[in-house]
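The structure appears below as structure tokens.
Protein chains: 2
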Amino acid sequence: MPVYRKNMENKKQFIADSFLFTGISSSQLAELAEISHVKTYGRGEAVFFEGEEADGFYMVIEGKVKIFKLSMEGREQILHIFGRGEPFGEVAVFQGRPFPANAAVLGKGKLLFFPGPEFIRLVHGNPSIALNMLAMFSMRLRRFATQIEHLSLKEVPGRLASHLLYLSREQHNREQVTLDIPKGQLASLLGTSPETLSRIFAKMSEEGIIRLQGKVITLLDRERLEAF
Amino acid sequence: MPVYRKNMENKKQFIADSFLFTGISSSQLAELAEISHVKTYGRGEAVFFEGEEADGFYMVIEGKVKIFKLSMEGREQILHIFGRGEPFGEVAVFQGRPFPANAAVLGKGKLLFFPGPEFIRLVHGNPSIALNMLAMFSMRLRRFATQIEHLSLKEVPGRLASHLLYLSREQHNREQVTLDIPKGQLASLLGTSPETLSRIFAKMSEEGIIRLQGKVITLLDRERLEAF
DNA sequence: GAGAAAACTTGATTCAGGTCAAGGAAGGTT
DNA sequence: AACCTTCCTTGACCTGAATCAAGTTTTCTC
Numbered sequence: 088m089p090v091y092r093k094n095m096e097n098k099k100q101f102i103a104d105s106f107l108f109t110g111i112s113s114s115q116l117a118e119l120a121e122i123s124h125v126k127t128y129g130r131g132e133a134v135f136f137e138g139e140e141a142d143g144f145y146m147v148i149e150g151k152v153k154i155f156k157l158s159m160e161g162r163e164q165i166l167h168i169f170g171r172g173e174p175f176g177e178v179a180v181f182q183g184r185p186f187p188a189n190a191a192v193l194g195k196g197k198l199l200f201f202p203g204p205e206f207i208r209l210v211h212g213n214p215s216i217a218l219n220m221l222a223m224f225s226m227r228l229r230r231f232a233t234q235i236e237h238l239s240l241k242e243v244p245g246r247l248a249s250h251l252l253y254l255s256r257e258q259h260n261r262e263q264v265t266l267d268i269p270k271g272q273l274a275s276l277l278g279t280s281p282e283t284l285s286r287i288f289a290k291m292s293e294e295g296i297i298r299l300q301g302k303v304i305t306l307l308d309r310e311r312l313e314a315f
Numbered sequence: 088m089p090v091y092r093k094n095m096e097n098k099k100q101f102i103a104d105s106f107l108f109t110g111i112s113s114s115q116l117a118e119l120a121e122i123s124h125v126k127t128y129g130r131g132e133a134v135f136f137e138g139e140e141a142d143g144f145y146m147v148i149e150g151k152v153k154i155f156k157l158s159m160e161g162r163e164q165i166l167h168i169f170g171r172g173e174p175f176g177e178v179a180v181f182q183g184r185p186f187p188a189n190a191a192v193l194g195k196g197k198l199l200f201f202p203g204p205e206f207i208r209l210v211h212g213n214p215s216i217a218l219n220m221l222a223m224f225s226m227r228l229r230r231f232a233t234q235i236e237h238l239s240l241k242e243v244p245g246r247l248a249s250h251l252l253y254l255s256r257e258q259h260n261r262e263q264v265t266l267d268i269p270k271g272q273l274a275s276l277l278g279t280s281p282e283t284l285s286r287i288f289a290k291m292s293e294e295g296i297i298r299l300q301g302k303v304i305t306l307l308d309r310e311r312l313e314a315f
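Protein chains in written order, with our numbering: chain A, 88 to 315; chain B, 88 to 315.
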């Protein structure tokens, strides 16, 4: 079997496995595999910029993608981090408006790009895709709501504590969690500076709430973490 | 014509005029009018609380509704303020999960309540409602994204400036904008305290950027407002 | 595996804005 | 119109966290 055929099969399989496109017909699946194409990105490369025309959207195949805003002075706030199988940029495409934020890969990455018009046709003609999108958007609205809550009502230690407990839940509820992004990026996600985050990590270690070994964090005292 | 008939007609008309239910069939419209009912609320009364089972959702007929979170210490962060014709609580109903935040009316209010199960049936069976919801969710995701951006990357004066310019746009681009909510609530929406907001209003007045007369604010210097 | 480049930590300083406290202005109610 | 309540403003104080600076560790890359 020639290489491009194999790639096409992989691609089709990947699309079929994604949450967004579950329940789609086999012919539409083939069509999607036809029109989409894989793009690879180097360390930290930008995917798109805020304000750019949204000519299509992306899905993460490998690596992680951050969606972020920049202040005038260059400070960064990460809105979201997407991993394997997750689509991003669909809001802009669906609305036919420019991207509302920047996107860049963390480390290296491989993405699947879908041109916009085809996607819009698909959503309008395919109730199951619309419902999948509604489910995804609902999740994201909830996440954004808690992010707003944390930024406004919690101090940095509280936000970090929440995030650690969140990671623990994601990672099979173990006491031992592993950071999947650099600490500087975590700071940007929590709406603080690397320096402050570092200090708080240090303080929590001193107080015996966590144990910190590089990217591996042991949650020694869930009680006190939850109390933040 | 008996009173209840007239009310039913009004209700039906109101539902038909809403964005969420545009494109719905006349029979479904009648059904919605049948199952929904009007609720009235006194000054500042709660509509629902975070964590409550979502047995249905609401649409604003009269007044304004705030969706908000509370911190342990009782500080409030308003996530959203909804006005006439806007639905709220649908995310929770659609997901079949508890309400993610609290809701209360500002001043007095009149709401239309829709029981949940019927609504879910409707969304699943009616592509135009699903698409309308997608459009609404997209808008809200954008709004939340800018709210996160502002909370994290702008200081309070910048957030206030943005809000004033936003109000100006909403209110026919006049130089003269009118606050439609108490200043204390505005503070809670911008993620600050009434005291701080008051001080910043005072400073902006001194500097000749705005003129403040009760709830009416004149934007004297758009340039400088945009520069924040 | 050496050298370069990121990423992280720690210290010193500064400041935006939160909190407490108390007085003043509106607005609703009888 | 007088009352009460809610809302708003101003002052004094304090603290969480940003910033600047400099060193240290980790990690890429060749």
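Heads up, the beta-carbon is just placed ideally off N, CA and C, and yes, glycines get one too.
According to DSSP, residues forming a beta bridge with residue i
| i | result |
| --- | --- |
| F135/B | A190/B |
| I148/A | I148/A pairs with nothing; no bridge assigned. |
| I154/A | H167/A, A190/A |
| H259/A | DSSP output for H259/A lists no bridge partner at all. |
| G318/A | The question about residue 318/A has no answer here: the residues shown for chain A are numbered 88 through 315. |
| T305/B | Q263/B, R298/B |
| F175/A | Y145/A |
| P202/A | G143/A |
Chain B within 8 Å of residue i, Cβ atoms only
| i | result |
| --- | --- |
| K153/A | no |
| A248/A | no |
| G150/A | no |
| F224/A | yes |
| L252/A | no |
| S158/A | yes |
| A120/A | no |
| P174/A | no |
| I235/A | yes |
8 Å Cβ cutoff, residue i in contact with chain A
| i | result |
| --- | --- |
| V243/B | no |
| E294/B | no |
| M146/B | no |
| M220/B | yes |
| L284/B | no |
| P185/B | no |
| E271/B | According to the sequence displayed, residue 271/B carries Gly and not Glu. No, G271/B does not count as interfacial toward chain A. |
| L238/B | yes |
| R208/B | no |
| R311/B | no |
| R261/B | no |
| A188/B | yes |
| L299/B | no |
Alpha-carbon to alpha-carbon, residue j and residue i
| i | j | result |
| --- | --- | --- |
| G301/A | I168/A | 21 Å |
| L299/B | K290/B | 11 Å |
| G245/A | Q272/B | 25 Å |
| L209/A | S215/A | 10 Å |
| E177/A | E294/B | 43 Å |
| K99/A | A133/B | 49 Å |
| M338/A | S292/B | Coverage of chain A is limited to positions 88 through 315, which leaves residue 338/A absent and any answer about it impossible. |
| E236/A | K156/B | 7 Å |
| D267/B | V303/B | 9 Å |
| L228/B | L228/A | 6 Å |
| L116/A | I102/A | 7 Å |
| A232/B | E262/A | 32 Å |
| Y128/A | L284/B | 44 Å |
| L166/B | A222/B | 19 Å |
| S280/B | T265/B | 20 Å |
Best match in the options for proximity to residue i [C-alpha to C-alpha]
| i | options | result |
| --- | --- | --- |
| F186/A | P204/A, N97/A, I154/A, R171/A | I154/A |
| V180/B | A141/B, M223/B, D267/B | A141/B |
| E218/A | Q182/B, L240/B, L107/B | Note on identity: in this sequence residue 218/A is Leu, with Glu being the wrong assignment. Nearest of Q182/B, L240/B, L107/B to L218/A, Cα basis: Q182/B. |
| S113/B | G172/B, N213/B, Q164/B | N213/B |
| S123/A | P202/A, L276/A, S280/A, M220/A | P202/A |
| P174/A | S105/A, A222/A, P269/A | S105/A |
| E163/B | S285/B, L307/B, L277/B, I287/B | L277/B |
| Q258/B | E205/B, F136/B, E118/B, T305/B | T305/B |
| E205/A | A232/A, E118/A, E96/A, D308/A | E118/A |
| P269/B | R184/B, S255/B, G131/B | G131/B |
| V152/B | G161/B, M220/B, F136/B | F136/B |
| K126/B | I287/B, T265/B, R309/B, G143/B | G143/B |
| F224/A | S285/A, R261/A, N97/A, L107/A | L107/A |
| L198/B | G170/B, V243/B, L166/B | G170/B |
| S158/A | G110/B, N94/B, A120/B, L240/B | L240/B |
| E121/B | M95/B, E139/B, G138/B | M95/B |
Quick one: any contact between the stretch 247 to 260 of chain B and the stretch 300 to 315 of chain B, if contact means 3 or more CB pairs under 8 Å? Taking a contact to require three or more Cβ pairs closer than 8 Å, the stretch 247 to 260 of chain B and the stretch 300 to 315 of chain B qualify as touching.
Can at least three beta-carbon pairs, one atom from the stretch 178 to 195 of chain B and one from the stretch 146 to 158 of chain B, be found at a separation below 8 Å? Segments in contact, yes.
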